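A short worksheet on the structure shown next.
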Amino acid sequence: MIRAVAALAACALFLVPVLTAPARVVAAVAGAGFVLAGAGVVAGWPQLVAAAAAMFVLAYATALALSPGGGHLVAAAGFGLSLLVLLQSADLARAARTASIGPGVARARLGAWAVLGGGALAAAMLGTVAAGGLAGLVPHAVAPLLTAAGALGVVLALGAIMIHGSRAARAWWARSGGA
Amino acid sequence: MTERLTPLALSLLAVAAWALALGVLAARPELFVAALPLLIPLGALARPSRAPDYRLTHEVSATSLFEHEAVAVTILVEARSSIALMDVFEPLPEGAALAAGHNRAVLTLSPGEKARLRYELRWPGRGVRVLGTVHVRVRDTWGLRAWECSHGAQTRVRVYPHVASVRSLPRPRRTRASVGDHVSRGLGEGLEPGDIRPFAPGDRVRRVNWPASLRRGALHVTERQQERSADVVLMLDTLAEVGPAAGTTLDLSVRAAAALATAYLGQRDRVGLIEYGGLIHWVRPGTGRAQYERLADSLLRARVVFTYVAKDLALVPPRVLPSQALVIAVTPLLDPRLAAAATDLAGRGFDVVVIAVSPVAVTRAALPRSPATDLACRLWTIERRAMLADLRGRGLWVLEWNPADPLEQALAATRRRRPPLPVAG
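Here's what the structure looks like:
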């Protein structure tokens, strides 16, 4: 069941770039990602699945660069959600190998992904509207730098959150007497 | 309980960063949108989360069982807080095989909900096994943060050697004074007819042998042989062993000793045990259920302790090795010291029977088939045959047991008349 979900996500990740720009190079990169994802899920090796996700993102970026028109936001949000589903289901499939799966596990996972998909789409819509409003205020020459700085800032902020969250949790456990 | 970020969190961050970087390079907003579903769960890490609260109990259906019997292990988890994903895992103890179910489970629990993990284990070999170390890993909703803990409610499970049913048993030459199942040479109360003699005052009428009385013209009575119990001391060779795990010559010897002990105790005999190896352990002869427990406990712990020192059985106290006891040595005869000790006992007047567990078939089964192996095993068989003939020549009653056959088949030879004791000088 969990592997089937991972396979479905991999199929979606292969199809979105290929349908965006049906070029040979896009199909080759997405195909490599598909093979890596399959091998990672079957072998229970999450690093391979992460590499596959990176290949899919590269294929999507190539497809977007090759396609003359603008992409669809819903497709982009679906692509992102498929990335998350692929990574999480591969991780879960690895944990559940040789294990019995409780009755509520699949239901809880599907519910969480559905909520996140809706949330991501809503955030994308809001972001697009906000960006449209702000676009006029930013000079064209500064826009790429600002975008790059913003992206870097997001990644660094998340890295800091992860490190801080981890330390804070350990401190909380130490205070509450946890081992 | 320890908390840590999972590798999945790092994977999400790496892929999201890659999507953002490509989005900047390609100047396409779709890649920023694609990164959003990865960034939102990572952002949720900023919110401090409480560790999961749950109660875990571990139960085992039986703490004593025989080889190849199954024991059911039940792990009950009761959630006190919401648990998005719980991974429960109990490693299989040494030598155990999973008979049914899984020893690992992935669960999702809401507060107050209970979940039960049940599986069955089977051990092909004897021993004392420890169960109860359960590893638990709880993940948050997105699987980015994990809490890990080990629960160590240790339960000891005793796996006793399999007891085969045997009917033919070596008969002791000497018996004790107490009542038992062995027909002794002495005449008295019993079932087996022993002699016929003229009637004497005081004899009971029911003992009159009417056919003999009619033939002889005077009253004659039938005398019966006494039925007595005996002392049996099992001598287990723990000097050396060969064979695969759970099927070594020592394991086979232990099974044979357990079968003999059960059969003799069933006949109301006193049974004792001497483990003859690097360390000499013994169990004093006794009768009844409690004695069986003592013998079985000792047998399930029996192991080879190698030594270069030849142990002298004179160190064993007489109450452990009574002079009238039947000594049954169960041995693969891999180490000549056991044969020497058995010969020494026979020389000191003990009634000694040797059950020689053949190591040839066990070794052959463990080795890959090849002409060299076949030839070596044939030579070994010839060598063993000569050794057994030598022991028989020294007055020992040797029964050879091929483990591929039932023990009863080897003991069937005891139905025949026993060879006479050698005459000194």
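Protein chains in written order, with our numbering: chain W, 1 to 179; chain D, 1 to 425. Just so it is clear, CB atoms sit at the ideal spot from N, CA and C, and this is done for glycine as well. Since this is a predicted model, take the numbers as computed values, not measurements.
Whether residue i touches residue j by CB criterion (7 Å)
i, j, result
"Val138 (chain D)", "Met86 (chain D)", "yes"
"Leu36 (chain D)", "Gly23 (chain D)", "no"
"Leu295 (chain D)", "Val283 (chain D)", "yes"
"Leu333 (chain D)", "Ala339 (chain D)", "yes"
"Ala77 (chain W)", "Val130 (chain D)", "no"
"Ala257 (chain D)", "Leu236 (chain D)", "yes"
"Leu214 (chain D)", "Phe199 (chain D)", "no"
"Val85 (chain W)", "Ala9 (chain W)", "yes"
"Thr20 (chain W)", "Ala54 (chain W)", "no"
"Ala404 (chain D)", "Ala361 (chain D)", "yes"
Beta carbon proximity, residue i to chain W, threshold 7 Å
i, result
"Leu265 (chain D)", "no"
"Val33 (chain D)", "yes"
"Thr133 (chain D)", "no"
"Val73 (chain D)", "no"
"Thr57 (chain D)", "no"
"Glu120 (chain D)", "no"
"Leu36 (chain D)", "yes"
"Ser11 (chain D)", "yes"
"Gly143 (chain D)", "yes"
"His151 (chain D)", "no"
"His68 (chain D)", "no"
"Trp18 (chain D)", "yes"
Residues that DSSP places opposite residue i in a beta bridge
i, result
"Ile328 (chain D)", "D:Leu234 and D:Val353"
"Thr74 (chain D)", "D:Glu59 and D:Arg118"
"Trp397 (chain D)", "D:Val353"
"Met86 (chain D)", "D:Leu107 and D:Val138"
"Tyr54 (chain D)", "D:Ala79"
"Ala100 (chain D)", "D:Glu120"
"Asn195 (chain D)", "A quick correction: the sequence has Asp, not Asn, at residue 195 (chain D). DSSP, once it has assigned bridges, lists D:Glu223 as partnering Asp195 (chain D)."
"His162 (chain D)", "Bridge partners of His162 (chain D): none, in fact."
"Leu5 (chain D)", "D:Arg145"
"His140 (chain W)", "In the DSSP output, where bridge partners are listed per residue, His140 (chain W) has none listed."
"Ser100 (chain W)", "D:Ala105"
"Thr133 (chain D)", "D:Gly152"
"Gly127 (chain D)", "D:Val159"
"Leu65 (chain D)", "D:Val159"
Residue i at chain D interface by Cβ criterion, 7 Å
i, result
"Gly69 (chain W)", "no"
"Gly178 (chain W)", "Note that Gly178 (chain W) scores a pLDDT of 45, beneath 50, so its modelled location is shaky; the value from the coordinates is reported in the next line. Yes, because at least one Cβ of chain D sits closer than 7 Å to the Cβ of Gly178 (chain W)."
"Ile101 (chain W)", "yes"
"Leu81 (chain W)", "yes"
"Gly104 (chain W)", "yes"
"Leu116 (chain W)", "yes"
"Ala53 (chain W)", "yes"
"Val155 (chain W)", "yes"
"Ala43 (chain W)", "no"
"Leu87 (chain W)", "yes"
"Ala123 (chain W)", "yes"
"Leu73 (chain W)", "yes"
"Ala77 (chain W)", "yes"
"Leu84 (chain W)", "yes"
"Val57 (chain W)", "yes"
"Pro46 (chain W)", "yes"
"Ala39 (chain W)", "no"
"Ala148 (chain W)", "yes"
"Leu19 (chain W)", "no"
"Ala96 (chain W)", "yes"
Close-in-space but distant-in-sequence residues of the same chain around residue i (CB under 6 Å, 5 per side omitted)
i, result
"Arg104 (chain D)", "Phe89"
"Asp390 (chain D)", "none"
"Val117 (chain D)", "The identity of residue 117 (chain D) in the sequence shown is Leu, whereas the question assumes Val. Excluding positions up to five away in sequence, the list reads Ile75, Val88 and Ala105."
"Glu148 (chain D)", "Thr2 and Arg137"
"Pro368 (chain D)", "none"
"Phe14 (chain W)", "Ala30 and Phe34"
Beta-carbon contacts of residue i that lie in its chain and below 8 Å, excluding the five residues immediately before and after
i, result
"Leu109 (chain D)", "Tyr54, Val77, Ala79, Ser82, Ile83, Met86 and Ala115"
"Arg145 (chain D)", "Glu3, Arg4, Leu5, Thr6, Ala9, Leu45, Ser49 and Arg139"
Close beta carbons around residue i, own chain, < 7 Å, minus the five adjacent residues each side
i, result
"Ala290 (chain D)", "none"
"Ala179 (chain W)", "At Ala179 (chain W) the pLDDT is 38, less than 50, meaning the model places this residue with poor confidence and gives no usable figure here."
"Leu411 (chain D)", "Val166, Ser168, Leu169 and Leu399"
"Leu13 (chain D)", "Leu42"
"Leu58 (chain W)", "Val29"
request  = Quick one: which unbroken beta strand (DSSP E) runs of 3-plus residues sit fully inside the region 245 to 309 of chain D? Chain order, please.
outcome  = Segments of the beta strand (DSSP E) lying fully in the region 245 to 309 of chain D: 270 to 277 and 281 to 286.
query = Which whole runs of the alpha helix (DSSP H) in the region 22 to 47 of chain W are 4 residues long or more, in chain order?
reply = Secondary structure in the region 22 to 47 of chain W: the alpha helix (DSSP H) runs of 4 residues or longer, each lying completely within the stretch, are 24 to 43 in chain order.
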